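Please read the structure below before turning to the comments.
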Amino acid sequence: MVRLSYQVDGCGWSPQYAVHGDSQQGNVTIRYSALAHQSTTEDWTGVRLVLSTASPSINAVRPLLTSLEVSTID
Numbered sequence: 277m278v279r280l281s282y283q284v285d286g287c288g289w290s291p292q293y294a295v296h297g298d299s300q301q302g303n304v305t306i307r308y309s310a311l312a313h314q315s316t317t318e319d320w321t322g323v324r325l326v327l328s329t330a331s332p333s334i335n336a337v338r339p340l341l342t343s344l345e346v347s348t349i350d
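Basically the working numbering = 1-based index in the sequence shown + 276.
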């Protein structure tokens, strides 16, 4: 199994809230969800999406990707 994570521009998400109250009972329910959007040229069909409130651009540094030479032995 290969697990791949990366950061791209042109996509993101916005929080969505639904608030329901019952004045007779004094109860309030808040439901939290998200609206994901993307304007990249990649096909996201069938992608499993996990949302996080973390700020990767603040909390993490992107790895330096170096080239790897691959050859075959005859």
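Ideal Cβ positions, reconstructed from N, Cα and C, are used throughout, including at glycine. Keep in mind that this is a model prediction, so the values were computed, not measured.
Q) If you drop the 5 nearest sequence neighbours on each side, which residues of the same chain put their C-beta closer than 8 Å to that of residue 284? A) 316 and 318
Q: Could you spell out the range, first to last residue, of the beta strand (DSSP E) harbouring residue 307?
A: 303 to 314
Q: Identify whether residue 290 lies in helix, strand or coil by the three-state DSSP scheme.
A: strand
Q | Same chain, Cβ closer than 7 Å to residue 273, neighbours up to 5 away in sequence not counted | A | Here the chain comprises residues numbered 277 to 350, so residue 273 is not present and cannot be evaluated.
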